[in-house]
Amino acid sequence: MSKRDYYEILEVSRTATDQEIKSSYRKLALKFHPDRNQGDKSAEDKFKEAAEAYAILSDGDKRARYDRFGHAGVGGAQGFDPSQFTGFEDIFSGLGDIFGFGGGARRSGPQRGADLRYDLEIKFEQSATGVETSVQIPRHETCDTCKGNGAAPGTSPTTCPQCRGSGQLRYQQGFFTVARTCGQCRGVGKVISKPCQTCRGNGTIEQMRKLTVKIPAGIATGQRLRLVGEGEGGTLGGPAGDLYVVIFVREHEFFQRDGNDLHCTVPLAFTTLALGGEVKVPGIDAEQTVKIPESTQTGTTFRLRGKGMPDVSGRGHGDLLVTVQAVTPKKLNKEQKKLLEQLAATLPEQKIKPSARDEDDDRGIFGKVKDIFG
Ligand SMILES: [Zn+2]
Ligand SMILES: [Zn+2]
């Protein structure tokens, strides 16, 4: 029987990326794995065939040789031993224990505790000024009674008789050897004959912990604070993990943040824009004064330097950008109407122009329309 093409075996094209090759192999390996196909010789052959193809195509040099010379370039069928192939661990890591690969050997010594994440929502004002707040974190802490080893005071854990301390059991599975996490000691390599009463042998106990978190001024949504050593407690004397506090800042009804700059829109009577004057706008810590020059157009933006958000690393402030918007009175009384009519009578008649660019084109919009259609 002639050997099948490696690409054909892995059901990928000759131009497949490493990732495509890997994921296709993983799919096939799971499908034809001996554990799922007890006593099925053809599945075992397919499994072996896929492993061989993957061993070649996942290796850049071997793949190049195979592309040029075919099976002859990579030594043909002889001598391929899947149990010597190190690609398995990589492929199966993350699958946990379902096939007995165990995702690599567990260390039996002290282990660092897991990192924790805590999502903290704060008000916009708090992000501007900084705040000190307390959070309640449920976490596993190293047991004080046994110092984390899980054994009752006066006793200590002993070497696991099942795996003799290695934490793993090796056995023959079809054509190759697999290692499985030892069930008796759960991979630790040690067993506890007399468990600590406080933690029931776990080495850690769950506790609600109140922590004070200092949030610096200028913090933005998505930024996180790392509290070293405030995560889960370690086991067997290992260090604690870290706590990450992820910040979410509530939106503000008036300000929009853009980097360290703040934007806001202020509605003003059109008379204020026309005559000019000073207006007060709320700032992040104090009221700000904006000077409006005479004949200001609606939509004009004023930049107040250094009145925006403080930089979270303490390097100054952003700017506050105030955009003014003219408001037309909703209701006029008789007198106001008369005054406006008097004003209107003194204003020059306005020409409608298509855009500012055509300012020196005195034909106006109707002249342009005539040009196009006439
Ligand atoms: Zn304990
Ligand atoms: Zn064991």
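Residues in the sequence shown are numbered from 0 upward in steps of one, following numbering that gives the first Met the number 0.
All C-beta atoms, glycine included, are put in the ideal place defined by N, C-alpha and C.
inquiry  = Taking only three categories from DSSP, how would you classify K69?
reply    = The sequence given here has Gly at residue 69, not Lys. Note: G69 maps to helix in three-state DSSP.
request  = Report the rounded CA-to-CA distance for V278 versus I291, giving the unit in angstroms.
outcome  = 7 Å
query = Do you know how far the Cα of D44 is from the Cα of R62?
reply = Each residue's Cα considered, the two are about 22 Å apart.
task = Compute the Euclidean distance between the alpha carbons of T125 and G232, then round it to the nearest angstrom.
result = Residue 125 is actually Gln in this sequence, not Thr. Cα to Cα, Q125 sits roughly 31 Å from G232.
message = As an exercise, report each continuous alpha helix (DSSP H) stretch of at least 4 residues that is fully enclosed by the segment 183-218, in chain order.
response = You should have found no qualifying run.
ask   = Within the structure, which residues are defined as neighbours of ligand 3 by a Cβ-heavy atom distance below 6 Å, reported in chain order?
value = Here the bound small molecules are ligand 1 and ligand 2; ligand 3 is not part of this structure.
Extent of the continuous alpha helix (DSSP H) run through E43 = K40 to L56
ask   = By DSSP, does D284 sit in helix, in strand, or in coil?
value = coil
query = Can you check whether the CB of G228 is closer than 7 Å to the CB of R111?
reply = no
request  = Look at the alpha carbon of A42 and the alpha carbon of Q161, and state the distance between them as a whole number of angstroms.
outcome  = 32 Å
query = The alpha helix (DSSP H) with F247 in it runs from where to where?
reply = Boundaries for F247: no alpha helix (DSSP H) harbours it, while the beta strand (DSSP E) harbouring it runs L242 to V248, taken from the DSSP string.
request  = Taking the CB atoms as reference points, tell me whether T176 and R169 lie closer together than 7 Å.
outcome  = yes
key: Candidates R302, Q287, R67 and G202: closest to C145 by CA position   = That would be G202, whose Cα lies nearest to the Cα of C145.
query = Does DSSP put S133 in a helix, in a strand, or in coil?
reply = strand
Nearest-angstrom Cα separation, counted from D318 out to L224 = 25 Å
task = With D17 as the anchor, note down where its beta strand (DSSP E) starts and where it stops.
result = No beta strand (DSSP E) holds D17; the alpha helix (DSSP H) holding it covers D17 to F31.
inquiry  = Taking the alpha carbon of L242 as the reference point, which residue from A216, R249, A178 and K209 has its own alpha carbon closest?
reply    = K209
message = Between V311 and G221, how many whole angstroms is the CB-CB distance? I'm expecting something under 8 Å.
response = Not really, about 12 Å apart at Cβ, beyond 8 Å.
inquiry  = As a quick exercise: from P309, L331 and L339, pick the residue whose alpha carbon is nearest that of T381.
reply    = The chain is shown only over 0 to 373; residue 381 falls outside these bounds and no answer can be derived.
query = What residues are listed by DSSP as bridge partners for K290?
reply = The bridge partners DSSP lists for K290 are E277.
request  = For L109, write down the residues that DSSP places opposite it in a beta bridge.
outcome  = Contrary to the premise, residue 109 reads as Pro rather than Leu in this sequence. In DSSP, P109 forms no bridge with anything.
key: Collapsed DSSP secondary structure at H340 in the structure displayed   = Contrary to the premise, residue 340 reads as Glu rather than His in this sequence. Reduced to three states, the DSSP call for E340 is helix.
ask   = Since E120 is in the beta strand (DSSP E), which residue starts that stretch and which ends it?
value = L115 to I121
inquiry  = Just to confirm the assignment, what range does the alpha helix (DSSP H) spanning E7 have?
reply    = Y5 to I8
inquiry  = ligand 1 and T144: does any heavy atom of the ligand fall closer than 6 Å to the residue's C-beta?
reply    = yes
request  = Could you check what DSSP says for A104 in three-state terms: helix, strand or coil?
outcome  = Its pLDDT being 39, under 50, A104 is placed unreliably in this model, and the value from its coordinates should be taken loosely. Correct three-state label for A104: coil.
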